[in-house]
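Numbering of the sequence shown is given in this note's numbering, commencing with residue 36 and proceeding in unit increments.
For every residue, glycine included, the Cβ atom is placed at its ideal position computed from N, Cα and C.
Structure record follows, encoded as structure tokens.
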Amino acid sequence: MFKVIDSETETAQKNIALSRLARAITHSQGDFSLILASCNSVYSQQQILKAFKKLYSIEIKELFLPASVPTLYTSVKNAIGANQPPAMMVFGLESVEAINQLILSTNLVRDEFSKQFKFPLVLWVNDEILQKLIWLAPDLKNWAGNTIRFDVAEN
Numbered sequence: 036m037f038k039v040i041d042s043e044t045e046t047a048q049k050n051i052a053l054s055r056l057a058r059a060i061t062h063s064q065g066d067f068s069l070i071l072a073s074c075n076s077v078y079s080q081q082q083i084l085k086a087f088k089k090l091y092s093i094e095i096k097e098l099f100l101p102a103s104v105p106t107l108y109t110s111v112k113n114a115i116g117a118n119q120p121p122a123m124m125v126f127g128l129e130s131v132e133a134i135n136q137l138i139l140s141t142n143l144v145r146d147e148f149s150k151q152f153k154f155p156l157v158l159w160v161n162d163e164i165l166q167k168l169i170w171l172a173p174d175l176k177n178w179a180g181n182t183i184r185f186d187v188a189e190n
């Protein structure tokens, strides 16, 4: 059985999620916080980012991870250099070849994130990556609090 989701409902839910994301970023500026944004489509992630930039004047540093990236911490550190951005969004976790190792290593150095980074870090995840975080790095996942979901859930 297929369920039809009203496009107005979908738009309203995405706008609520955008507002939650903006609020989470705004309240965390100047401090480290881990924010998980969940969307199963890479294309939709980019559309959401465009909408976010249109609606909010928060400066976002974007980091697109290559498939061969060994660690998240080093990638973020190298991307920011000496300048701490107001916020950073990380894309591409779903295409990382050694994602289990990346998640495990990120969990091991999670305290370094809060020591070294004074900005909110948004990780874009899909359902598979979210499940891996829950199973492989529950401490890291718990830092993020509630995941901000952009995919419309079918009831």
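Query: Suppose the cutoff is 6 Å on Cβ atoms and the five residues either side in sequence are ignored; what does the same chain contact list for M124 look like?; Result: I95, E97, V157
Query: Would you kindly work out how many angstroms separate the C-alpha atoms of S76 and A57, rounded to a whole number?; Result: 20 Å
Query: Can you confirm whether the region 162-177 touches the region 134-148 when touching is taken to mean that 3 or more C-beta pairs between the two stretches lie within less than 8 Å?; Result: yes
Query: What does the alpha-carbon distance come out to for the pair L137 and Q82?; Result: 26 Å
Query: With DSSP as the reference, please indicate the residues paired to S92 in a beta bridge.; Result: BP columns for S92 are empty, so no partner.
Query: Am I right that W170 and L128 are in contact with their C-beta atoms under 8 Å? What's the rounded C-beta distance?; Result: That pair is no contact at about 15 Å.
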